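K.L.:
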Amino acid sequence: MLLAPSILAADLADLETAVAICERGRADFLHVDVMDGHFVPNLTIGIPVVEALAKRTEIPLDVHLMVSNPERLLDQYLDAGASWLSVHWEAATHLDRLLTRIHERGARAGVALNPATPVEVLDDVLPALDFVLIMSVNPGSAGQKFLSYTLDKARRLQAKARERNLEVTIAMDGGVGLDNISRVAAAGVDFCVAGSAVFGSEDPAATIGALRSRAESEVA
Ligand code: DX5
Ligand code: ZN
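According to this note's numbering, the sequence shown is numbered sequentially starting from 269.
(1) Whole-angstrom Cβ separation of L271 and L479, contact assumed at under 8 angstroms?
(2) What is the chain-ordered set of residues for which the beta carbon lies under 6 angstroms from any non-hydrogen atom of ligand 2?
(3) Based on Cα-Cα distance, which residue from L381, D296, S409, D398 lies nearest to T418?
(4) Can you tell me the Cα-Cα spacing of V405 and G314, whole angstroms?
(5) Please determine if the segment 450-458 and the segment 467-475 are in contact, where contact requires at least 3 C-beta pairs separated by less than 8 angstroms.
(6) Would DSSP call I477 helix, strand or coil?
(7) Grab me the residues of D296's own chain with a C-beta within less than 7 angstroms of its C-beta, minus the 5 sequence neighbours each way, in chain order.
(8) Across the segment 338-357 and the segment 388-408, are there enough close Cβ pairs to call them in contact, namely three or more that are closer than 8 angstroms?
(9) Could you give the residue range of the beta strand (DSSP E) that holds A375?
(10) Check F459 in the structure and name its three-state DSSP category.
(11) Roughly how many angstroms separate the alpha carbons of G374 and N433, rounded to a whole number?
(12) Taking 6 angstroms as the cut-off, is the C-beta of G408 nearer than that to any heavy atom in ligand 1?
(13) So, with DSSP's three-state summary, where would you put F467?
(14) Short check: CB of A473 to CB of G293, under 7 angstroms?
(15) I need the DSSP call for S409, collapsed to helix, strand or coil.
(16) Thinking C-beta only, is V436 closer than 7 angstroms to A429?
(17) Closest by CA to Q412, which one among L397, V400, D441?
(18) Considering only heavy atoms of ligand 1, does any lie closer than 6 angstroms to the CB of A277?
(19) Here's the rule I'm using: 16 or more other beta-carbon atoms within 10 Å means buried, otherwise exposed. How should V389 be labelled?
(20) Distance, Cα to Cα, S416 vs V317?
(21) List the residues that DSSP assigns as beta-bridge partners of P273.
(22) In angstroms, rounded to a whole number, what distance separates the CA positions of K421 and N448?
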């Protein structure tokens, strides 16, 4: 299981500590939630902050663009140091073009899906992407309740990828924690984002490890 703590749930006035926690906990990625006040009401992390994070750590940045017109900002987030970059299916008019652009720039291309968007919308474009970020909460903020019906989307996506022999990483984002990560892993998810579960815990670095081992004991 790949683990990506979402720094949105950390103390945003102390990102230095958030990064140190992720390094100590051996996080696979830093999940960076970019919101534009338009696609979602909230406004969060901009290009200069991503740039600063990329300079500060070797941990690859997984940048989740919750923005309208992602084509407008794509290159700038790639320049800033995004290694994995996802755009929302609901926001992308020319999705294939965006995925091609992300690949041209040497990054991993992902598509994020709102809870209500079925995975079947990606049937045709599946060979052109590296990962699907299944949102298990409505995008907009950390600390929301996990929507269990999204587990079936992970199962369906895994079945499709297997059937067609495609390498697609299945990621889940929102409300994932120690109480449900076993179910998430059992549904075929191989990449978990966790915000509040990590940064809201008493020992965030240890929680990253605990999430990983709980997920892996389920899959074993
Ligand atoms: C929600 C974000 C998530 C969120 C995760 O819009 O995309 O990445 O920060 O936080 P938790 O794990 O607290 O739901
Ligand atoms: Zn996210």
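Where a beta carbon is used, it is the ideal one built from N, C-alpha and C, also for glycine. All values derive from a computational prediction rather than experimental measurement.
P.N.:
If we stick to the structure as given:
(1) 6 angstroms between Cβ atoms; contact.
(2) Taken from the N-terminal end onward, the list reads S274, H299, D301, H332, D441, V461.
(3) Measuring from the Cα of T418, the nearest candidate turns out to be L381.
(4) Across the structure, V405 and G314 are spaced so that their CA atoms are roughly 22 angstroms apart.
(5) Contact between the segment 450-458 and the segment 467-475 is absent, with fewer than three C-beta pairs closer than 8 angstroms.
(6) Sequence inspection shows Gly at residue 477; the Ile mentioned does not correspond to that position. Residue state, collapsed to three classes: helix.
(7) So the qualifying residues of the chain are L270, L271, A272.
(8) These segments touch.
(9) Neither: A375 is in no beta strand (DSSP E) and is coded neither H nor E.
(10) Three-state DSSP puts F459 in a strand.
(11) Answer to the nearest angstrom: the Cα atoms are 23 angstroms apart.
(12) For ligand 1, at least one heavy atom lies less than 6 angstroms from the Cβ of G408.
(13) In the structure shown, F467 sits in a helix (DSSP, three-state: H, G or I).
(14) A Cβ-Cβ contact shorter than 7 angstroms links A473 with G293.
(15) Three-state result, S409: coil.
(16) Yes, they are a contact pair.
(17) It is D441 whose Cα lies nearest to the Cα of Q412.
(18) True, at least one ligand heavy atom lies under 6 angstroms from that Cβ.
(19) That one is exposed.
(20) The alpha-carbon of S416 is positioned some 32 angstroms away from that of V317.
(21) Paired residue(s): A462.
(22) When rounded, the distance between both Cα atoms is 16 angstroms.
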